[in-house]
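Numbering (this note's numbering), first residue to last: 643 to 834.
Have a look at the structure below, then the notes.
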Ligand SMILES: Nc1nc2c(ncn2[C@@H]2O[C@H](COP(=O)(O)OP(=O)(O)O)[C@@H](O)[C@H]2O)c(=O)[nH]1
Ligand SMILES: [Mg+2]
């Protein structure tokens with residue numbers, strides 16, 4: 643699938659007009675959202691991979707096949723975020739969600755090496771309370787051994803019972819390509 647950066651949006655008045663199908667990409671800062679985009683679509687350097695968490699404060703609209711959008715949200719709830727920063731995240735995201743757009747699903751990325759974090763649960767609740775369906779990406783799976791992989795399945799399945807492994811919950815690694823085919827397939831089903 644062909645992808646390119648279409649627009650970087652810092653304020654709501656700069657949102658591109660609605661009408662296209664959109665997939666929302668979210669997760670905590672540093673969880674690997676940019677690497678996910680680059681590896682999924684095999685475009686090096688399309689999304690900037692960052693060493694310092696919490697830098698992106700924009701909505702990045704990527705145009706997929708010239709027709710749909712993948713929208714990369716600013717990282718959510720990183721440890722040092724102030725109340726003010728959280729409020730500005732909320733304002734931007736709520737404004738975006740309330741703008742009458744055709745949002746098909748939310749792709750939520752988590753770090754599979756960690757137990758589900760409070761901010762992962764908050765983020766999931768934020769979208770599910772508003773009626774969005776999600777896919778869960780258990781990222782950085784290249785870092786797991788067999789035992790920690792089994793632990794991750796157990797922990798995430800119990801924290802997020804709505805997800806089914808290999809249907810709506812996938813191990814993923816931008817390093818070794820695990821999960822790429824399955825996630826692309828899931829995306830193609832969502833975007834008609
Ligand atoms: N081992 C491993 N590291 C990853 C993976 N994905 C991202 N990273 C690393 O995690 C850090 C944050 O990645 P980035 O894509 O910028 O995260 P973002 O802040 O969510 O956009 C970088 O050092 C990446 O190299 C992965 O699948 N495996
Ligand atoms: Mg990023």
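Backbone N, C-alpha and C fix where the C-beta goes; we use that ideal spot for every residue, glycine too.
DSSP state of residue 667 mapped onto helix, strand, coil: Locating residue 667 in the chain shown gives position 25, where the first residue counts as 1. Judged by DSSP in its simplified three-state form, residue 667 adopts strand.
Candidates 684, 744, 805, 774: closest to residue 663 by CA position: Against the chain shown, residue 663 aligns to sequence position 21. Of 684, 744, 805, 774, the residue nearest in Cα terms is 744.
Extent of the continuous alpha helix (DSSP H) to which residue 794 belongs: Looking up residue 794 in the chain shown gives position 152. Looking at the DSSP string, the run of the alpha helix (DSSP H) that includes residue 794 is 788-801.
Backbone CA spacing between residue 748 and residue 646 [nearest angstrom]: Locating residue 748 in the chain shown gives position 106, where the first residue counts as 1. Locating residue 646 in the chain shown gives position 4, where the first residue counts as 1. Inter-residue distance for residue 748 and residue 646 is about 19 Å (C-alpha atoms, whole angstroms).
Three-state secondary structure assigned by DSSP to residue 814: If you number the chain shown from 1, residue 814 lands on position 172. Coil at residue 814, not helix or strand.
Status (buried if at least 16 other CB within 10 Å, exposed otherwise) for residue 656: Within the chain shown, residue 656 is the residue found at index 14, counting from 1. Under this definition residue 656 is an exposed residue.
Reduced DSSP secondary structure (H/G/I, E/B, other) of residue 747: Reading the chain shown from its first residue, position 105 is the one you call residue 747. The answer is strand: DSSP assigns residue 747 an E or B state.
Simplified DSSP state of residue 736, which is helix, strand or coil: Position 94 of the chain shown, counted from the first residue, corresponds to residue 736. Collapsing the DSSP output to three states places residue 736 in a helix.
Validate contact between the stretch 660-677 and the stretch 712-721 using beta carbons, cut 8 Å, 3 pairs: Enough Cβ pairs lie closer than 8 Å, so yes.
Per-residue DSSP class, three states only, for residue 646: Position 4 of the chain shown, counted from the start, is the residue given in the question as residue 646. Note: residue 646 maps to strand in three-state DSSP.
Residue nearest to residue 677 in terms of C-alpha spacing, selected from 752, 719, 724, 735: Taking the chain shown and counting its residues from 1, the one referred to as residue 677 is at position 35. Closest option to residue 677, judged by alpha-carbon separation, among 752, 719, 724, 735: 752.
Option nearest residue 832 by Cα separation, candidates 815, 819, 816, 809: Against the chain shown, residue 832 aligns to sequence position 190. Comparing alpha-carbon positions, the option among 815, 819, 816, 809 lying closest to residue 832 turns out to be 809.
Cβ neighbours of residue 742 in the same chain (closer than 8 Å, five flanking residues each side left out): Numbered from its first residue, the chain shown carries residue 742 at position 100. The answer, listed in chain order, is 660.
Cutoff 8 Å: residue 831 Cβ touching any chain C Cβ: In the structure shown, chain C does not exist; there is a single protein chain.
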